[in-house]
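>
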Amino acid sequence: MTDIIEGIHPTRMELLEINKRIVLAKKGHKLLKEKRDALMTEFLKRIDQARDPREALASTMSKGYEDLIRTEALMSSNSVKAIALSTPELEDIDITFGNIMGVRVPEIELVTTEAPKERYDLTFTSSKLDETCDDFDRAVRQILDLIKIEETIRRLGEEIKKTKRRVNSLEYIMIPRLDNTRRYIKMRLEEMERENFVRLKMIKMKKAKAE
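Residue numbers (the working numbering): 22 to 232.
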């Protein structure tokens, strides 16, 4: 018989051990399939969630660049550039991690205590500059939200691949090999029982002739 576990001994103790391993393998296979299906559900849900943020970001960036062009027309490019260079950088980004079916997924938040237009002197600036800053501040937050969603999608995708490999390994390699090994042990035990039966019968016949 091919494709059995190597080094196996055809004994009843070994048969009991193989039966236990088959039960555990099938239970593990069932649990992994359930995990794979649950991960796929979460994965597809996140794919749907990413669609709107991508469109929103594209719209925000488009409006931001249009407002920037108008701002430069009102204030001159050099003035806008000087304000941009003198404006303090954004605050820190806070990254924590959640858990989806054992997968660590990021939670990203921009830590800031002031509005964009509070980072520069409003005295000699156009209200259009305020709109432009609001646009790009909103874009930054949308980018962070999109990064969170897409990194979650990536991590879920990797976990789905690993889980699928484990499911396939159990379904097409390990469980069939265990089943083959069990059949092999049963066959060998039956053969040994037949051999013992024949041997005992021959011994009885020899004794009967001797008497």
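Backbone N, C-alpha and C define an ideal beta-carbon position, used for all residues, glycine too.
Does the region 26-43 come into contact with the region 150-163, if we say contact requires no fewer than three beta-carbon pairs (one atom in each stretch) closer than 8 Å?
Output reads no: the region 150-163 does not touch the region 26-43.
> Just reading off the beta strand (DSSP E) that P127 is part of, what are its end residues?
Counting along the chain, the beta strand (DSSP E) containing P127 begins and ends at 124-131.
> If you drop the 5 nearest sequence neighbours on each side, which residues of the same chain put their C-beta closer than 8 Å to that of M22?
Summary for M22: the model assigns pLDDT 46, below 50, so the residue's position carries little reliability; its value from the coordinates is reported in the next sentence. Counting only Cβ-Cβ distances below 8 Å, and skipping sequence neighbours, we find N201, R204, Y205, M208.
> Compute the beta-carbon to beta-carbon distance between K47 and I196, rounded to the nearest angstrom, for a pair I have assumed lies under 8 Å.
That belief holds up - the Cβ atoms of K47 and I196 are roughly 6 Å apart, short of 8 Å.
> For the putative contact between I121 and E63, defined by C-beta atoms under 8 Å, what is the C-beta separation to the nearest angstrom?
I121 to E63, Cβ: 6 Å. Contact.
> Just confirm the distance between the C-beta atoms of M61 and I181, as a whole number of angstroms; I'd bet it's less than 8 Å.
That belief holds up - the Cβ atoms of M61 and I181 are roughly 6 Å apart, short of 8 Å.
> Pairs of beta-carbons, one from the region 69-82 and one from the region 218-225, closer than 8 Å: are there three or more?
These segments do not touch.
> Of all the options E216, L210, G178, K230, which has the alpha carbon lying nearest to the alpha carbon of L37?
Of E216, L210, G178, K230, the residue nearest in Cα terms is L210.
> Whole angstroms is fine: what's the gap from D88's alpha carbon to L95's?
In a straight line, the C-alpha of D88 is about 11 Å away from that of L95.
> Please tell me whether T81 and T153 are closer than 9 Å, where the distance is taken between their beta carbons.
No.
> Hey, would you say V126 sits closer than 9 Å to K169, going by beta carbons?
The answer is yes: Cβ separation under 9 Å.
> Could you pull out every residue in the same chain whose Cβ sits closer than 8 Å to the Cβ of F118, ignoring the five residues on either side in sequence?
Excluding positions up to five away in sequence, the list reads R125, V126, P127, E128.
> Please report the straight-line C-alpha distance between D151 and S190, rounded to a whole angstrom.
Using only the alpha carbons, I get a separation of about 59 Å.
> If you run the structure through DSSP and keep just helix, strand and coil, what is I29?
Residue state, collapsed to three classes: coil.
> Any beta carbon of chain B sitting closer than 9 Å to that of N217?
In the structure shown, chain B does not exist; there is a single protein chain.
> Going straight from the alpha carbon of S97 to that of A77, what length do you get?
Spanning the two alpha carbons is a distance of roughly 29 Å.
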